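J.:
Number of protein chains: 2
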Amino acid sequence: MKKLLLASTSTVHGSPYLAYLMPRLKSFFSGCNTLLFIPYARPGGMSHQAYTEKVKETFKALNITVAGIHEYESPAEAIASAEAIFTGGGNTFVLLNNLYKNNCINALKTAINGGTPYLGTSAGSNICGLTINTTNDMPIVYPPSFKALGCLPFNVNPHYLDPEPNSTHMGETRETRIKEFHTYHTFPVVGLREGSWLELNNHILQLKGAFSARIFEYNKQPYELNPEETLQHLN
Amino acid sequence: MKKLLLASTSTVHGSPYLAYLMPRLKSFFSGCNTLLFIPYARPGGMSHQAYTEKVKETFKALNITVAGIHEYESPAEAIASAEAIFTGGGNTFVLLNNLYKNNCINALKTAINGGTPYLGTSAGSNICGLTINTTNDMPIVYPPSFKALGCLPFNVNPHYLDPEPNSTHMGETRETRIKEFHTYHTFPVVGLREGSWLELNNHILQLKGAFSARIFEYNKQPYELNPEETLQHLN
Numbered sequence: 008m009k010k011l012l013l014a015s016t017s018t019v020h021g022s023p024y025l026a027y028l029m030p031r032l033k034s035f036f037s038g039c040n041t042l043l044f045i046p047y048a049r050p051g052g053m054s055h056q057a058y059t060e061k062v063k064e065t066f067k068a069l070n071i072t073v074a075g076i077h078e079y080e081s082p083a084e085a086i087a088s089a090e091a092i093f094t095g096g097g098n099t100f101v102l103l104n105n106l107y108k109n110n111c112i113n114a115l116k117t118a119i120n121g122g123t124p125y126l127g128t129s130a131g132s133n134i135c136g137l138t139i140n141t142t143n144d145m146p147i148v149y150p151p152s153f154k155a156l157g158c159l160p161f162n163v164n165p166h167y168l169d170p171e172p173n174s175t176h177m178g179e180t181r182e183t184r185i186k187e188f189h190t191y192h193t194f195p196v197v198g199l200r201e202g203s204w205l206e207l208n209n210h211i212l213q214l215k216g217a218f219s220a221r222i223f224e225y226n227k228q229p230y231e232l233n234p235e236e237t238l239q240h241l242n
Numbered sequence: 008m009k010k011l012l013l014a015s016t017s018t019v020h021g022s023p024y025l026a027y028l029m030p031r032l033k034s035f036f037s038g039c040n041t042l043l044f045i046p047y048a049r050p051g052g053m054s055h056q057a058y059t060e061k062v063k064e065t066f067k068a069l070n071i072t073v074a075g076i077h078e079y080e081s082p083a084e085a086i087a088s089a090e091a092i093f094t095g096g097g098n099t100f101v102l103l104n105n106l107y108k109n110n111c112i113n114a115l116k117t118a119i120n121g122g123t124p125y126l127g128t129s130a131g132s133n134i135c136g137l138t139i140n141t142t143n144d145m146p147i148v149y150p151p152s153f154k155a156l157g158c159l160p161f162n163v164n165p166h167y168l169d170p171e172p173n174s175t176h177m178g179e180t181r182e183t184r185i186k187e188f189h190t191y192h193t194f195p196v197v198g199l200r201e202g203s204w205l206e207l208n209n210h211i212l213q214l215k216g217a218f219s220a221r222i223f224e225y226n227k228q229p230y231e232l233n234p235e236e237t238l239q240h241l242n
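Chains as they are written, first to last, in the numbering used here: chain A, 8 to 242; chain B, 8 to 242.
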């Protein structure tokens with residue numbers, strides 16, 4: 008029975024790392040004493056070790072001991088034997104590329120399908136969709152495929168942004184980009200605003216957090232889904 | 008002798024399609040009676056034919072007759088025999104994918120190296136760099152490679168945006184993204200603001216237009232390059 012908590016962002020403006028999620032994480036990870044952290048999305052600026060240290064520090068408050076996947080000889084085995092998993096944010100192309108390179112894709116699917124609780128933020132949430140075709144990130148590396156874990160029957164667009172009515176910038180809005188995605192693909196996209204997350208528990212997939220989400224279904228007008236509403240209809 | 012005009016955007020806010028470039032295009036295309044338009048970047052919303060009609064209409068003012076590449080049986084031959092070429096904007100992944108699929112990559116390189124005047128806007132400029140690793144676009148299709156035409160010894164970042172000091176959004180700034188690109192690649196990136204363009208003429212590559220460009224060299228502090236300055240040092 009899959010258990011997922013997929014957040015738009017790790018950090019909301021003006022508050023510490025993961026702070027807005029901590030009350031929720033306490034119950035989500037209840038019974039877990041250890042957690043495997045996957046820092047693979049980090050595109051530089053901070054080492055995998057430094058990124059992991061930050062997470063270790065944060066999870067002390069939950070009495071959970073954190074180890075970084077890069078500390079293990081076999082990343083796939085580390086995933087298979089993990090009590091709980093957290094994949095942090097960064098660059099989605101870098102993350103997916105590292106997962107392919109380190110043979111983690113099938114291991115992650117198996118662990119998640121087997122019920123290992125999985126927390127993702129930003130890029131770590133993005134890879135739970137069908138593909139990474141709806142990431143906002145810069146394609147700084149070329150992964151062997153855009154195919155992702157497919158733990159959800161749709162794609163996620165983290166850090167979802169509404170069009171700015173007074174913008175003079177000529178780049179596409181997020182909504183336009185996702186509509187263009189639908190000229191090539193038919194599966195839905197969930198635009199998750201910062202401060203919102205998806206939670207899958209006991210077969211129920213729900214939107215949680217402070218904001219509604221924007222849902223893009225193929226050949227339909229985009230619409231809002233409110234917190235606590237389920238996403239079971241997106242298949 | 009290569010002749011390139013590579014603009015950040017086709018359209019600046021509040022003015023018609025290509026209007027700010029028209030005075031410059033008159034001399035850039037002087038002597039040309041016909042132009043081949045490549046509408047391949049268009050990710051939907053408008054057909055290749057409709058996109059081409061818009062360009063046809065615009066180029067009437069320069070007495071230049073426009074044909075769309077999709078009107079030809081062999082796109083590569085259309086490129087080889089073109090008097091001048093214009094690749095319009097849209098989605099860079101869609102554009103590059105279509106160029107690979109239609110065997111246009113080598114034809115375009117050969118034409119440009121042979122001196123066929125080439126105009127690019129947005130995605131059409133992006134593909135003249137070494138790779139598309141610095142596009143801002145959503146990766147809605149998976150091209151066979153991120154390798155682009157390499158007509159310039161660096162990458163282009165069109166629609167370059169400065170960080171917004173008051174933003175509460177937690178997504179990366181453009182500057183951060185390009186710095187992260189440099190953890191994987193060593194070639195320079197030219198951040199072209201909307202209203203600016205690059206011009207290569209008589210072996211001289213210059214910044215033109217209303218704004219300075221932001222230059223990102225590997226292991227260097229980013230810096231501004233002013234209009235009329237050359238980019239010969241970026242090798």
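Each residue gets a CB set at the ideal place from its N, CA and C atoms; glycine is no exception.
Bear in mind that the values here come from a model prediction, so they are computed numbers and not experimental data.
#1: Which word fits N133 (chain A), buried or exposed, when buried means at least 16 other C-beta atoms lie within 10 angstroms of its C-beta?
#2: Given this structure, state the Cα-to-Cα distance separating E231 (chain A) from M8 (chain A), to the nearest angstrom.
#3: Check the C-beta distance from E187 (chain B) over to P170 (chain B) and give it rounded, since I have them as a contact under 8 Å.
#4: Roughly how many whole angstroms lie between the Cα atoms of I92 (chain A) and T94 (chain B)?
#5: Measuring CA to CA, which of B:S88, B:G75, B:K154 and B:N70 is closest to F100 (chain B)?
#6: Let's test the definition: count the other Cβ atoms within 10 Å of the Cβ of A68 (chain A) and tell me whether it reaches 16, buried, or not, exposed.
#7: Under 8 Å between the Cβ atoms of H210 (chain B) and N140 (chain B)?
#8: Please state whether DSSP places K154 (chain A) in a helix, a strand or coil.
#9: DSSP on S81 (chain A), reduced to helix/strand/coil?
#10: Can you name the start and end residues of the alpha helix (DSSP H) that I185 (chain A) belongs to?
#11: Going by C-alpha to C-alpha distance, which of B:G21, B:K61 and B:P30 sits closest to I45 (chain B)?
#12: Among the candidates B:P23, B:S34 and B:H20, whose CA atom is the shortest distance from the CA of L11 (chain B)?
#13: On the three-pair Cβ rule with 8 Å, is the segment 193-209 of chain A touching the segment 148-165 of chain A?
#14: So that I know if they touch, is there some Cβ in chain B lying closer than 8 Å to that of V163 (chain A)?
#15: Are the segment 108-123 of chain B and the segment 78-87 of chain B touching by the rule of at least three beta carbon pairs closer than 8 Å?
#16: Determine the direct distance from the alpha carbon of H176 (chain B) to that of G21 (chain A), and round the result to whole angstroms.
#17: For M145 (chain B), decide whether its Cβ has a neighbour in chain A, counting only Cβ atoms nearer than 8 Å.
#18: Quick check on the burial criterion: 16 or more other C-beta atoms within 10 angstroms. Buried or exposed for G127 (chain A)?
#19: Taking the CB atoms as reference points, tell me whether H166 (chain B) and S15 (chain B) lie closer together than 8 Å.
T.: Taking the coordinates as given:
#1: buried
#2: 28 Å
#3: That pair is no contact at about 14 Å.
#4: 45 Å
#5: B:K154
#6: The residue in question, A68 (chain A), is exposed, as its Cβ has fewer than 16 Cβ neighbours within 10 Å.
#7: no
#8: strand
#9: The answer is coil: DSSP assigns S81 (chain A) none of H, G, I, E or B.
#10: R181 to F188
#11: B:K61
#12: B:S34
#13: Yes: at least three Cβ pairs fall under 8 Å.
#14: no
#15: yes
#16: Distance from the CA of G21 (chain A) to the CA of H176 (chain B), rounded to the nearest whole angstrom, comes to 10 Å.
#17: yes
#18: buried
#19: yes
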